[in-house]
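Peer 1:
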Amino acid sequence: MRNAFVLSIAAAFIFLAAARSDGASPKGLEPVFPAENGNLVFIEAEDAVSTNFAREPVLNFGTSGFRTLQLNRGTGLEGVGSFYADYVFRLPGSGTWELWYGGTPPGPRDDLYPSYTSPFSVSLDSQKPQPVTRETVAAVENYSPTYTWNLIGDRSLDAGRHTIRFEVTEKRRIDGRYFFYLDCFFLVKKEDGKRLLAQPLPAAFPRNMDDRSIDAPFPTIDDMLIRIRIIPARSSPSLTYPVCIRFSVTT
Ligand SMILES: [Ca+2]
Numbered sequence: 000m001r002n003a004f005v006l007s008i009a010a011a012f013i014f015l016a017a018a019r020s021d022g023a024s025p026k027g028l029e030p031v032f033p034a035e036n037g038n039l040v041f042i043e044a045e046d047a048v049s050t051n052f053a054r055e056p057v058l059n060f061g062t063s064g065f066r067t068l069q070l071n072r073g074t075g076l077e078g079v080g081s082f083y084a085d086y087v088f089r090l091p092g093s094g095t096w097e098l099w100y101g102g103t104p105p106g107p108r109d110d111l112y113p114s115y116t117s118p119f120s121v122s123l124d125s126q127k128p129q130p131v132t133r134e135t136v137a138a139v140e141n142y143s144p145t146y147t148w149n150l151i152g153d154r155s156l157d158a159g160r161h162t163i164r165f166e167v168t169e170k171r172r173i174d175g176r177y178f179f180y181l182d183c184f185f186l187v188k189k190e191d192g193k194r195l196l197a198q199p200l201p202a203a204f205p206r207n208m209d210d211r212s213i214d215a216p217f218p219t220i221d222d223m224l225i226r227i228r229i230i231p232a233r234s235s236p237s238l239t240y241p242v243c244i245r246f247s248v249t250t
């Protein structure tokens with residue numbers, strides 16, 4: 000009985016070896032590689048090389064990859080540095096790349112506008128940080144409570160390895176907290192001013208990158224409450240944003 004079992008195992012190995020020597024894979028075992036999009040580089044915020052936004056990512060099923068970094072602190076770092084998240088990525092080609100991110104729209108530079116989030120800066124390849132404020136980005140689509148697709152702008156970059164740092168040095172003015180949520184960021188290749196977008200696209204992605212219907216400064220809390228009383232259905236997703244922020248302040 001034992002000899003018969005050993006023989007059957009050996010026969011199975013011989014069969015598999017013969018199949019491979021023919022160059023034909025057993026049916027159903029052919030490798031299937033995901034299609035690649037050479038004009039899009041997409042990075043999850045939770046894949047930071049280094050960050051002090053939070054000790055660990057937050058689970059959020061409304062965000063890309065179901066995880067996100069959330070900076071929400073009332074105190075700074077006692078003069079020893081700023082809040083940052085560092086990434087390394089590789090571009091397949093040289094030229095113009097359009098930089099986007101999913102997260103809270105940055106706070107405004109202008110004191111006249113309500114400030115519900117912190118402004119921040121981005122630094123590519125350790126160059127001088129560039130301020131990113133509500134006045135410099137286009138808020139395109141609110142895809143989850145407090146999360147919006149935001150267009151930062153074009154960058155001229157060579158193919159190959161790059162680094163980027165998102166850095167927060169300022170508090171939001173509404174309550175003096177450092178407040179910035181970062182879900183992901185991505186770069187889209189452009190030629191002659193047009194995006195070279197093709198399938199496949201990530202599951203979480205702007206539905207219409209040219210939509211500017213919500214690209215306006217957030218109203219004050221009082222104006223917000225008045226609008227909700229006038230329009231109980233809250234037909235615009237952007238109307239929910241400051242209220243969500245207010246909830247986070249009071250909890
Ligand atoms: Ca994410």
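So that you can map any letter, position 2 of the sequence shown is 1 in numbering that gives the first Met the number 0, and since no number is skipped, the others follow by simple counting. C-beta: ideal position from N, C-alpha, C; glycine also.
Run the CB neighbour count on GLN69, radius 10 Å, all protein chains shown included, and call it buried at 16 or more, exposed below.
Peer 2: Classification for GLN69: buried.
Peer 1: Quick check for students: name the residue ranges of the beta strand (DSSP E) that lie wholly in the stretch 105-187, counting only runs of 3 or more.
Peer 2: Whole beta strand (DSSP E) segments, 3+ residues: 119-123, 129-131, 137-143, 146-156 and 159-167.
Peer 1: Select from ASP109, GLU166, LEU111 and PRO144 the residue whose C-alpha is nearest the C-alpha of GLN126.
Peer 2: The option with the nearest alpha carbon to GLN126 is GLU166.
Peer 1: Express the C-alpha separation of GLU29 and PRO56 in angstroms, rounding to a whole number.
Peer 2: So the alpha carbons of these two residues sit roughly 35 Å apart.
Peer 1: Just the Cα atoms here: how many angstroms apart are SER93 and ILE151?
Peer 2: One C-alpha to the other measures close to 19 Å.
Peer 1: With ligand 1 as the reference, list in chain order each residue whose Cβ lies under 6 Å from any of its heavy atoms.
Peer 2: That gives GLU43, ALA44, GLU45, THR62, SER63, GLY64, ARG66, THR67, ASP182 and CYS183.
Peer 1: Quick one, which of PRO199, VAL139 and GLY101 has its alpha-carbon nearest THR62's?
Peer 2: Of PRO199, VAL139 and GLY101, the residue nearest in Cα terms is GLY101.
Peer 1: I need the DSSP call for ILE213, collapsed to helix, strand or coil.
Peer 2: ILE213: coil per DSSP, three-state reduction.
Peer 1: Tell me, which residues are paired with ARG72 by DSSP?
Peer 2: Answer by DSSP bridge pairing, in chain order: TYR177.
Peer 1: Is the beta carbon of TYR115 closer than 9 Å to that of THR132?
Peer 2: Going by C-beta atoms, THR132 is not nearer than 9 Å to TYR115.
Peer 1: Just curious, the beta strand (DSSP E) that ASP84 is in, first and last residue?
Peer 2: Residue identity check: residue 84 is Ala in the sequence provided, not Asp. Unbroken beta strand (DSSP E) run through ALA84: 82-90.
Peer 1: Check this for me: beta carbons of TYR177 and ARG54, under 9 Å apart or not?
Peer 2: No, the Cβ-Cβ distance between TYR177 and ARG54 is not below 9 Å.
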